[in-house]
Amino acid sequence: MLTALWLVLFASLVLWLAYQRASLAKATVALGVLLVYYTLFGEGAAWWKATLWVLYVPHVLLNIRPLRRALISRRFMLVFRRMLPPMSTTEREALEAGTVWWDGELFTGGPDWQKLLSAKAPALTAEEQAFIDGPCETLCRMIDDFDITHRRADLPPEVWDFIKKKGFWAMIIPKQYGGLGFSAYAHSTVVVKIASRSSTVASTVVVPNSLGPAELLLHYGTEEQKQHFLPRLARGEEIPCFGLTGPRVGSDAGALPDTGIVCRGTLQGRETIGIRLNFSKRYITLAPIATLIGLAFRLYDPDRLMGGETTDYGITVALVPRETPGITIGRRHFPLNGPFQNGPIHGKDVFVPLDAIIGGPKMAGQGWRMLVEQLSVGRCISLPSIATGGAKGAVYSSGAYTRIRRQFNMPVGRFEGVEAVIARMAARTYIMDAARSVTTGAIDGGEKPAVPAGILKYHVTEFGRMIANDAMDVQGGKGIMLGPRNYIGRGYQMVPVSITVEGANILTRSLIIFGQGAVRCHPFVLKEMNAAQDPDRARGLRDFDEALFGHVRYTISNAVRSFIGALTLSRIVTAPMAGPTKRYFEHINRFSASFAFATDVAMLSLGGYLKKKENLSARLGDVLSA
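Numbering (our numbering), first residue to last: 33 to 658.
Structure (structure tokens):
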């Protein structure tokens with residue numbers, strides 16, 4: 033009986049140490065003390081006690097780091113290197129883009145809730161609120177979506193002028209350059225309001241404020257470039273577009289066929305060193321009316337005219353005026369009856385100076401890093417805001433319609449089936465608005481949340497599709513028959529646009545959310561990868577050893593936390609606050625431990641092959657997102 037009690041005591045201590053994530057040294061001391069006490073006062077044969085001490089000795093030896101590195105970590109590092117999936121430069125830059133925000137806590141198995149709860153709630157300044165109540169409200173009243181989508185296939189001239197003059201294209205440009213200098217939250221809120229009225233107008237407003245010339249100039253441009261272009265963009269004198277997507281490779285930067293060759297040429301009557309561009313782009317929003325083209329291409333310097341030894345600089349981004357000889361704008365595309373300006377751009381032997389590179393010649397080859405760093409911000413704002421605005425418009429109009437429309441002498445909104453759909457629409461819209469608000473608040477706090485950007489892009493646009501379908505179900509013929517009084521039909525037709533752009537949703541769910549999150553947000557995996565590839569072998573082994581044993585400690589702890597959380601229905605988990613939300617906090621803590629443990633098991637068992645297991649990656653991404 034006493035032996036059983038001792039076994040329970042030992043097991044309880046091991047579980048408690050694992051649950052508390054005790055360090056190896058602390059665990060060794062605690063187990064050693066208990067083992068000494070058992071040896072002196074516990075029952076059991078001498079051979080049994082000796083066996084326990086033999087099993088305990090390796091635990092002690094693991095604390096001797098040079099010995100541990102030589103016998104264990106070195107061998108694990110060799111295996112780990114073979115498990116690493118092949119990674120291109122563009123993949124690595126995409127992986128390392130942005131920052132790890134609170135999403136990283138979910139991979140720990142014990143989220144630090146204060147990190148989230150202490151974040152300042154997003155709020156509009158008086159100036160931002162005045163803009164929404166004033167120019168933004170006026171713009172919405174000017175919009176006749178049927179006229180735009182059915183009669184003109186374009187915005188009327190007065191709407192174009194209003195957008196330019198009131199600074200709708202200058203929200204992200206600082207005031208020192210003539211812009212509005214709005215916060216990310218204000219920028220998003222403006223787009224939400226416009227999108228509730230017209231997806232076409234919202235798309236027109238979004239592009240100059242999203243990933244494009246203005247944002248790239250702000251973060252990477254030379255001061256001369258900023259002083260010249262930003263005020264002109266803010267005033268609407270320059271209309272920007274950005275060309276990345278190509279006819280055969282889409283947005284796959286690694287296969288970009290567009291080239292720029294450094295060579296000598298004539299510019300304004302003088303011979304100079306510049307870049308000869310040849311490119312073909314399509315699906316470029318604002319291209320048919322653009323005056324300033326941001327262009328991604330692969331830069332080569334075969335004659336080393338830039339002064340270095342490099343001949344293939346890689347992806348580079350430049351600004352090219354539309355009137356530059358050799359540029360042609362093709363026939364307009366027609367995106368699903370939401371006729372925002374969109375079309376192809378072609379360039380043949382287009383010669384531009386080296387100063388056309390955003391940031392100047394020193395930024396040659398840095399284009400993909402520039403794009404993916406800023407995409408983590410743009411993804412949180414543009415498409416989630418358009419989808420949220422469309423959802424709000426659909427819920428608002430559907431709620432009103434079901435009060436007015438009567439069937440069997442009662443409003444259809446009182447039918448339980450309709451009530452359930454309206455409630456579902458409202459709940460999803462609330463989630464969408466909360467998600468885009470808290471994430472834009474994080475951006476205003478200095479973060480560039482890369483993984484949440486992918487989560488928002490995928491799930492908010494998917495929720496928007498579900499809500500659009502529900503709105504059509506509720507309103508039936510009212511939504512189907514297009515005409516001047518149809519307020520949801522065009523929005524319904526535009527849903528696939530958000531699903532498709534800035535990373536197709538299938539790609540985002542299958543590869544990006546978990547694929548990026550599992551490496552970037554995990555507390556140890558990226559450290560292990562960097563250590564294993566460190567050219568300094570001694571330093572790499574030291575860092576790998578530290579990360580490896582930290583990883584093992586977390587994996588064991590998460591397994592125990594998951595098991596105990598399930599056994600106790602999360603009742604012993606600490607919640608950051610009491611009240612009606614307490615149980616949600618408790619459950620999320622438990623689910624975080626289970627998710628972190630499942631992630632480690634998947635990566636350990638599949639290694640680099642996990643990259644190809646898209647269905648598993650998608651399901652784990654769903655868990656992370658939820």
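We put the CB at the ideal spot given by N, CA and C, even for glycine.
Among all the DSSP beta bridges, which residues are the ones paired with residue i?
| i | result |
| --- | --- |
| R545 | Here residue 545 turns out to be Ile, not Arg, going by the sequence shown. In DSSP, I545 forms no bridge with anything. |
| G141 | Looking at the DSSP assignment, G141 forms no beta bridge with any residue, so it has no partner. |
| F329 | T348 |
| F274 | G326 |
| R308 | I293, F383 |
| T83 | T83 is not bridged to any residue. |
| L601 | Looking at the DSSP assignment, L601 forms no beta bridge with any residue, so it has no partner. |
| N374 | T317 |
| P353 | L324 |
| R438 | P443 |
| R302 | L299 |
Using a 10 Å radius around the Cβ and a threshold of 16 neighbouring Cβ atoms, would you call residue i buried or exposed?
| i | result |
| --- | --- |
| Q548 | buried |
| I512 | exposed |
| Q373 | buried |
| E247 | buried |
| D344 | exposed |
| M109 | buried |
| M464 | buried |
| E270 | buried |
| L599 | exposed |
| D659 | Given a span of 33 to 658 for the chain in the structure shown, any question on residue 659 remains unanswerable. |
| L30 | Look at the range of the chain in this structure, 33 to 658, and you will see that residue 30 is not part of it. |
| M442 | exposed |
| W80 | exposed |
| R401 | buried |
| E125 | buried |
| W85 | exposed |
| L265 | buried |
| D632 | buried |
| G486 | buried |
| V65 | exposed |
| N621 | buried |
With the cut-off set at 8 Å, would you say residue i and residue j are in Cβ contact?
| i | j | result |
| --- | --- | --- |
| G253 | I390 | yes |
| T472 | S150 | no |
| G278 | P289 | yes |
| P90 | K643 | no |
| L1 | Q406 | Because the chain spans 33 through 658 in this model, residue 1 falls outside it and cannot be assessed. |
| V429 | Y519 | Residue identity check: residue 429 is Ser in the sequence provided, not Val. Result yes, Cβ atoms of S429 and Y519 sit closer than 8 Å. |
| T434 | V551 | no |
| F383 | R460 | no |
| D381 | G358 | yes |
| S408 | G142 | no |
| P481 | C553 | no |
| A322 | V349 | no |
| I531 | V427 | no |
| I436 | A216 | no |
| V527 | G496 | yes |
| H365 | S312 | no |
| T304 | G297 | yes |
| S667 | G425 | As shown, the chain starts at 33 and ends at 658. That puts residue 667 outside it, with no answer to give. |
| L249 | F261 | yes |
| G431 | V224 | no |
| P263 | G210 | yes |
How many Å lie between residue i and residue j at the Cα?
| i | j | result |
| --- | --- | --- |
| T236 | L318 | 7 Å |
| R593 | R456 | 34 Å |
| C273 | V238 | 11 Å |
| I195 | P167 | 9 Å |
| G445 | I454 | 8 Å |
| S231 | L601 | 45 Å |
| A78 | L45 | 23 Å |
| V404 | R314 | 20 Å |
| A625 | L652 | 13 Å |
| E137 | Q161 | 33 Å |
| P516 | T121 | 51 Å |
| T83 | L656 | 44 Å |
| W38 | S105 | 33 Å |
| E646 | Q146 | 33 Å |
| P385 | G399 | 17 Å |
| I538 | L94 | 45 Å |
Inset, instruction - Give, in chain order, every unbroken run of the alpha helix (DSSP H) that is at least 4 residues long and sits entirely within the segment 552-582. - result: 557-564
Inset, instruction - Would you mind listing the beta strand (DSSP E) stretches within the segment 100-151 that are 3+ residues and don't spill past its ends, in chain order? - result: none
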